[in-house]
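Chemist: Numbered according to this note's numbering, the sequence shown spans residues 1304 to 1497.
I am attaching a structure below and will ask some questions about it afterwards.
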Amino acid sequence: MTDLELGKIFLKSMLIDNVVFIQFLALCPFIGMTSDTGKAVGMGAATSFVMVLATAVTYPLYTYLLNPLGLGFLQTLIFILVIASLVQLVEFYLKKSAPALYSSMGVYLALITTNCAILAVTLNTIAKGYGFLQSLVYAAGSAAGFLIALVLMAGVRERMRTSDVPAFMKGTPVLFVTAGLLSLAFGGFSGLIK
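This is the structure:
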């Protein structure tokens, strides 16, 4: 596997197959944690860490344990348990090292456990037939795409607070219109890499 091929996997997972704007996964944290940029970066970083680490743990589990033993049908259950354990580690770390971020994330930190984007990335690496390094690159690209989506939306929402938005569009309507426009913009990357 060359560096160019790994770069393509990274860019494709980050932009072309973006977990939020193209696959429409992880919409709960996307809407809930983008009210300010600080929270968006914190949630994006925590989710990114769990996404890459979960892939690093679940890939060998599936490849060297579940699949050879004929227990591939348990992959979703096992992967969710691994993700939940990793989220607990992140939660303990944030509680000790960044209590302000921990308290601002509230319930959304625990919801990383059920973040369908993390589970989708771990399952996609196996479905796509990637090797271990390719899986990690795919997970890192997906994590970067998730972080970009959160930060973009947070920036737009902060800008909208000082903009003259028509009264009938304030709040949720303009939020969904903005998300749709960002999704369309990311759809423009579709022909970038073959």
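Backbone N, C-alpha and C fix where the C-beta goes; we use that ideal spot for every residue, glycine too.
Since the model is a prediction, treat every value here as computed from it, not as a measurement.
Would you report the Cα separation of Asp1339 and Phe1382, rounded to the nearest angstrom?
Modeler: Within the sequence shown, numbered from 1, the residue matching residue 1339 stands at position 36. Within the sequence shown, numbered from 1, the residue matching residue 1382 stands at position 79. The alpha-carbon atoms of Asp1339 and Phe1382 are separated by roughly 31 Å.
Chemist: Taking C-beta to C-beta, are Thr1416 and Val1385 nearer than 8 Å?
Modeler: In the sequence shown, the residue the question calls residue 1416 occupies position 113. In the sequence shown, the residue the question calls residue 1385 occupies position 82. Not closer than 8 Å, so no.
Chemist: By how many angstroms is the C-alpha of Glu1461 removed from the C-alpha of Gly1375?
Modeler: Taking the first residue of the sequence shown as 1, we reach residue 1375 at position 72. Taking the first residue of the sequence shown as 1, we reach residue 1461 at position 158. Roughly 45 Å between the two C-alpha positions.
Chemist: Between which two residues does the alpha helix (DSSP H) containing Asp1306 stretch?
Modeler: For the purposes of this step, residue 1306 is taken as residue 3 along the sequence shown, with counting starting at 1. Where Asp1306 is concerned, the enclosing alpha helix (DSSP H) stretches over 1306-1314.
Chemist: Alpha carbon to alpha carbon, how far is Tyr1365 from Ala1423?
Modeler: The sequence position of residue 1365 within the sequence shown is 62, counting from 1. The sequence position of residue 1423 within the sequence shown is 120, counting from 1. Computed Cα separation, rounded: 14 Å.
Chemist: What distance in whole Å lies between the Cβ atoms of Gly1335 and Leu1453, which are believed to be in contact at a cut-off of 8 Å?
Modeler: Sequence index remark: in the sequence shown, residue 1453 carries index 150 (1-based). Sequence index remark: in the sequence shown, residue 1335 carries index 32 (1-based). Going by Cβ atoms, the distance from Leu1453 to Gly1335 rounds to 10 Å, so no, they are not a contact pair.
Chemist: Would you mind working out which of Leu1309, Val1322, Asp1306 sits nearest Leu1450, comparing C-alpha positions?
Modeler: Numbered from its first residue, the sequence shown carries residue 1450 at position 147. The option with the nearest alpha carbon to Leu1450 is Val1322.
Chemist: Measure from the alpha carbon of Leu1380 to the alpha carbon of each residue in Tyr1396, Ser1438, Thr1361, then state which is nearest.
Modeler: Here residue 1380 refers to the residue found at position 77 when the sequence shown is read from its first residue. Measuring from the Cα of Leu1380, the nearest candidate turns out to be Thr1361.
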